[in-house]
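S.K.: Just dropping this structure here.
Chains as they are written, first to last, in my numbering: chain A, 3 to 299; chain B, 228 to 535.
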């Protein structure tokens with residue numbers, strides 16, 4: 003046994019996960035799709051041929067034209083260039099997906115950790131609320147809240163209102179996962195060791211327990227981005243979104259009325275949704291495999 | 228179940244009163260509601276009382292099945308019955324098809340792990356849950372109704388003429404596209420879960436023991452492995468039923484399917500608050516009943532749950 007073997011540090015958990023992730027082809031494909039959409043979201047709006055919600059093509063007499071070199075995804079009846087609109091929508095839909103998912107994770111981790119750690123009344127109440135939010139028909143309430151609040155209470159919040167509503171109704175799955183992991187980890191010896199050294203409950207919870215449940219939280223956050231993008235698309239498609247902000251769902255809403263004659267209007271934003279959501283799903287599945295210590299291969 | 232029901236009641240009541248009282252919302256949705264409707268709703272919501280009393284009185288009415296009147300002046304409870312039937316028709320047919328196809332396909336995919344068939348199945352499945360249900364519906368309508376002209380694009384039955392010339396075939400024809408869409412999406416989730424569970428179970432020692440004692444492949448797969456892999460799938464089926472019901476506004480709007488979801492989307496856009504509250508409550512009850520059935524099936528299928 004030389005000094006060399008002793009000094010060599012074992013690979014960290016994250017390094018092992020990264021190595022696994024890199025070997026997973028579908029995870030890499032998913033991440034590439036995600037990176038592509040992120041790039042489009044960041045630089046796309048500056049390069050798009052037309053500004054958001056612009057009816058310019060109408061004045062050029064090109065309204066309702068099928069895909070061409072000038073309008074790769076065709077033109078809506080109203081004169082909106084679908085290609086530009088899909089690009090502007092990318093930024094807005096990713097904003098909704100990312101923001102809602104991050105908010106959801108914050109709410110879900112806080113409530114899940116508190117609910118799993120504290121026994122008795124507090125834990126029961128948190129669990130009860132989580133179960134209610136897990137079972138209720140969330141989409142109906144999202145639509146209802148979006149409609150009522152955009153009309154009367156919080157006019158002009160735009161997409162941020164949708165983000166807040168999605169997060170308000172979407173945190174229960176994160177909370178359940180975090181609760182389960184907290185229940186497991188709080189019985190472990192290192193937590194007891196910290197407790198016997200005098201660490202407070204909050205310190206135990208957020209310094210010792212929460213950092214150890216990051217893996218499942220990262221996975222569910224990634225998958226939730228996909229879920230929230232899909233939900234936003236449904237909300238806008240049904241006409242409950244912000245009618246002044248370009249989103250994929252809004253184009254689908256407008257394309258639905260003219261689908262008999264203009265197949266290109268619903269086709270292209272829908273493909274954008276499918277690939278973007280697919281990317282996040284593949285990436286999430288890949289992360290799940292890479293971060294799972296039980297998988298041997 | 229009771230806290231869930233109460234939770235939904237509180238949320239729907241709260242949103243109805245978010246702007247002070249439901250009548251303001253109804254007026255915002257409909258310029259000139261008839262004075263009779265306004266008067267009926269004023270009594271139904273007990274607007275002369277303080278908010279907490281209003282909630283209790285409204286909840287009491289709800290428990291007795293009185294859901295108020297909609298903007299049109301008709302009682303909500305009366306309108307909901309027919310919609311609930313068409314929604315359940317569509318959802319139950321799709322769910323049964325998804326289970327019937329999803330389980331064997333998932334098992335096959337797990338048994339042939341990493342084969343071309345497995346890759347094909349998992350790819351088709353991952354597209355299924357990455358896709359907005361209604362968008363697939365739109366694409367199928369464009370292809371099969373508008374371009375090929377084989378199937379009707381909207382509604383549950385023909386009005387002016389019968390598709391395929393016969394009333395029963397006509398109803399079937401109207402079911403084909405919505406059922407296909409809903410089945411595919413649920414199917415995707417079922418296949419994925421069955422495959423994952425089967426892969427885990429097939430590696431267990433008792434499967435090897437069963438094989439080495441000379442049991443046929445069929446018996447080992449379906450009686451030994453699947454029996455142990457199926458419990459989470461039962462939970463998923465219950466959850467997907469709830470999700471499909473909750474997602475009904477989008478799918479039903481796409482196909483103009485005269486069910487609860489389509490009615491909900493219209494009512495919510497028009498701010499027809501009593502109708503919206505009524506449909507939300509009814510769908511919640513359906514979801515809760517589905518969960519109850521799921522729990523019972525879970526216990527029946529998995530003896531390990533019964534012990535505690």
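Here a beta-carbon is modelled for each residue, glycine too, at the ideal position from N, C-alpha and C.
Compare the beta carbon distance of residue 117 (chain A) and residue 22 (chain A) with 8 Å and say whether it is the shorter of the two.
M.R.: It is not a contact, given that the beta carbons lie outside the stated cut-off.
S.K.: Compare the C-alpha of residue 144 (chain A) against each of A:126, A:134, A:132, A:163 and name the closest.
M.R.: Nearest of A:126, A:134, A:132, A:163 to residue 144 (chain A), Cα basis: A:163.
S.K.: Can you grab the Cα-Cα spacing for the pair residue 279 (chain B) / residue 293 (chain B), in whole Å?
M.R.: Cα to Cα, residue 279 (chain B) sits roughly 19 Å from residue 293 (chain B).
S.K.: First and last residue of the alpha helix (DSSP H) that includes residue 206 (chain A)?
M.R.: Where residue 206 (chain A) is concerned, there is no enclosing alpha helix (DSSP H), given that its DSSP letter is neither H nor E.
S.K.: Pick out the complete alpha helix (DSSP H) segments inside the stretch 485 to 531 of chain B, 4 residues or longer, and give them in chain order.
M.R.: Fully enclosed alpha helix (DSSP H) runs of 4 or longer: 487 to 496, 500 to 528.
S.K.: Could you run through the stretch 324 to 354 of chain B and flag, in chain order, every residue whose CB is less than 8 Å away from some CB of chain A?
M.R.: Answer in chain order: 353, 354.
S.K.: Which residue comes first and which comes last in the alpha helix (DSSP H) that contains residue 323 (chain B)?
M.R.: First-last of the alpha helix (DSSP H) with residue 323 (chain B): 303 to 338.
S.K.: Pull up the distance between the alpha-carbon of residue 37 (chain A) and that of residue 284 (chain A), whole angstroms please.
M.R.: When rounded, the distance between both Cα atoms is 13 Å.
S.K.: Along the chain, where does the alpha helix (DSSP H) that runs through residue 397 (chain B) open and close?
M.R.: Note, residue 397 (chain B): alpha helix (DSSP H), 394 to 429.
S.K.: Return yes when the Cβ of residue 413 (chain B) is within less than 8 Å of the Cβ of residue 456 (chain B), no when it is not.
M.R.: Cβ atoms of residue 456 (chain B) and residue 413 (chain B): not closer than 8 Å.
S.K.: Does chain B have any CB closer than 8 Å to the CB of residue 262 (chain A)?
M.R.: Chain B, which has a Cβ nearer than 8 Å to the Cβ of residue 262 (chain A), makes this yes.
S.K.: So, helix, strand or coil for residue 275 (chain B), using DSSP?
M.R.: Residue 275 (chain B): coil per DSSP, three-state reduction.
S.K.: Quick check on the DSSP output: the alpha helix (DSSP H) that includes residue 149 (chain A) runs from which residue to which?
M.R.: Looking at the DSSP string, the run of the alpha helix (DSSP H) that includes residue 149 (chain A) is 140 to 150.
S.K.: For residue 299 (chain A), which residues of its own chain have a beta-carbon under 6 Å away from its beta-carbon, when the five flanking residues on both sides are left out?
M.R.: Residue placement at residue 299 (chain A) is flagged as unreliable, the pLDDT there being 43, under the threshold of 50; the coordinate-derived value follows with that caveat. Excluding residues within five positions, none has a Cβ falling inside 6 Å.
S.K.: Going by beta-carbon coordinates alone, are residue 510 (chain B) and residue 487 (chain B) separated by less than 8 Å?
M.R.: Against a cut-off of 8 Å, the Cβ pair of residue 487 (chain B) and residue 510 (chain B) comes out as a contact.
S.K.: Of all the residues that make up the stretch 92 to 113 of chain A, which are near chain B by a beta-carbon distance shorter than 9 Å?
M.R.: Against chain B - using a Cβ distance shorter than 9 Å - the stretch 92 to 113 of chain A contributes no residues.
S.K.: May I ask you to verify whether the stretch 101 to 108 of chain A touches the stretch 71 to 90 of chain A, counting CB pairs closer than 8 Å and requiring at least 3?
M.R.: Cβ pair count under 8 Å is below three, so no.
S.K.: Quick one: what's got a C-beta closer than 6 Å to residue 43 (chain A)'s C-beta in the same chain, skipping five residues either side?
M.R.: These residues qualify, in order along the chain: 92, 93, 96.
S.K.: Quick check on the DSSP output: the alpha helix (DSSP H) that includes residue 292 (chain A) runs from which residue to which?
M.R.: Residue 292 (chain A) -> alpha helix (DSSP H) spans 266 to 293.
S.K.: Going by beta-carbon coordinates alone, are residue 293 (chain A) and residue 179 (chain A) separated by less than 8 Å?
M.R.: No, the Cβ-Cβ distance between residue 293 (chain A) and residue 179 (chain A) is not below 8 Å.
S.K.: Once DSSP output is grouped into helix, strand and coil, what is the label at residue 83 (chain A)?
M.R.: Strand at residue 83 (chain A).
S.K.: Could you tell me the alpha carbon to alpha carbon distance between residue 100 (chain A) and residue 514 (chain B), rounded to whole angstroms?
M.R.: Taking the straight line joining both Cα atoms gives about 29 Å.
S.K.: Is the shortest distance between the beta-carbon of residue 421 (chain B) and the beta-carbons of chain A less than 8 Å?
M.R.: Judged by the 8 Å Cβ criterion, residue 421 (chain B) is not in contact with chain A.
S.K.: Counting only beta-carbon separations shorter than 8 Å, does residue 307 (chain B) have a partner in chain A?
M.R.: With 8 Å as the cut-off, residue 307 (chain B) does not count as an interface residue toward chain A.
S.K.: In chain order, what residues of the same chain lie with their CB nearer than 7 Å to the CB of residue 507 (chain B), ignoring the 5 residues before and after it?
M.R.: Excluding positions up to five away in sequence, the list reads 235, 239.
S.K.: How about residue 149 (chain A): is its C-beta nearer than 8 Å to some C-beta of chain B?
M.R.: So yes, residue 149 (chain A) belongs to the interface.
S.K.: Would you mind working out which of A:228, A:149, A:159, A:264 sits nearest residue 39 (chain A), comparing C-alpha positions?
M.R.: Selected option, being the one with the closest Cα: A:228.
S.K.: Under 8 Å between the Cβ atoms of residue 122 (chain A) and residue 230 (chain B)?
M.R.: No; because the gap between Cβ atoms is not below 8 Å, this pair is not in contact.
S.K.: What whole-angstrom Cβ distance do residue 359 (chain B) and residue 272 (chain A) have, given they're in contact under 8 Å?
M.R.: Sure, about 7 Å apart at Cβ, within 8 Å.
S.K.: Runs of 4 residues minimum, wholly inside the stretch 10 to 39 of chain A: which ones carry the alpha helix (DSSP H) assignment?
M.R.: Counting only runs of 4 or more, we get 15 to 25.
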